[in-house]
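First up is the structure itself, then whatever we jot down about it.
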Amino acid sequence: PKGAAASAQIYSLVETAKANGQEPYTWLRHVLERLPHASSVEAYEALLPWNCSPEMPR
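Numbering follows the working numbering, in which position 55 of the sequence shown is assigned residue number 353; successive positions increment by one, without gaps.
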């Protein structure tokens with residue numbers, strides 16, 4: 299059951315990225331590189347796929 303929940307969470311992130319015009323791998327890499335340095339609510343919100351530019355560096 300834990301594996302199914304983890305898979306569903308990743309699938310949800312991928313589909314949300316797609317729905318917001320992001321290439322999922324690029325967006326996830328962007329988030330994972332910046333997440334350790336986020337120190338405010340605003341910094342976390344900036345990582346959401348609907349707040350990232352579709353022209354984000356690839």
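Glycine residues also receive a C-beta, built at the ideal position from the N, C-alpha and C atoms.
- In the DSSP annotation of this structure, the continuous segment of the alpha helix (DSSP H) that includes leucine 330 starts and ends at 322-332.
- Counted as a single uninterrupted DSSP element, the alpha helix (DSSP H) harbouring serine 310 occupies residues 300-317.
- Counted as a single uninterrupted DSSP element, the alpha helix (DSSP H) harbouring glutamate 343 occupies residues 339-343.
- Non-local beta-carbon contacts of proline 352 in its own chain, meaning distances under 6 Å to residues more than five positions away in sequence, involve Gly319 in chain order.
- When only Cα atoms are considered, tyrosine 309 and glutamate 321 end up about 13 Å apart.
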